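Shown next, in structure tokens, is the structure this report addresses.
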């Protein structure tokens, strides 16, 4: 049986359908049909502008973001796809916090829905630190199909792992 490490909390019926797609070698085709395009947010500067525009649209009262960038080490080292940090610096007699968001570089080559989903996820952490009901309601507010996109992203990560393991 194929381990589905990204789909651990889903019901057995859903996992069976995913395994059927994998067994028939149709998972990649399924994802390609659902998400045919690739986004054009390729540079760190464009990613910052994209993230800040989403923040302005949905979270005007949230703190500003000082830096957003694609991090090539994020996926490999911490098994995370995105991270938000608040780094405190002493500035004279004051303590100043910098808000930063790092997005795994694998999102440079994904459909726009996946990039939006991960950026929405990290932006939601500006208001809600924990993955609780309020956090997911905020994600759903910023991206109404958030849960479906998260599931599809998990399918994409599964397909990516399978493609990396299979002999070319």
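Residue numbers (the UniProt record's numbering): 1 to 168. Where is the CB? At the ideal position from N, CA and C, for every residue including glycine. Computed from a prediction, not measured in an experiment: that's the story for all the values here.
message = 7 Å is my cut-off, CB to CB: does residue 128 come that close to chain C?
response = Any reference to chain C falls outside this structure, which holds one protein chain only.
Going by C-alpha distance, which of 32, 105, 115 is nearest residue 39? 115
Item to complete: Hey, could you find the ends of the alpha helix (DSSP H) residue 34 is sitting in?
Response: 27-34
Alpha carbon of residue 28 to alpha carbon of residue 50, nearest angstrom: 27 Å
* Could you check the C-alpha separation between residue 147 and residue 97 for me, to the nearest Å? => 31 Å
**Contact belief for residue 69 with residue 54 at Cβ below 8 Å, rounded distance in angstroms** = About 16 Å separates the two Cβ atoms, so there is no contact after all.
query: Which class does residue 153 belong to by DSSP, given the choice of helix, strand or coil?
result: helix
Cα-Cα separation, residue 7 to residue 118: 17 Å
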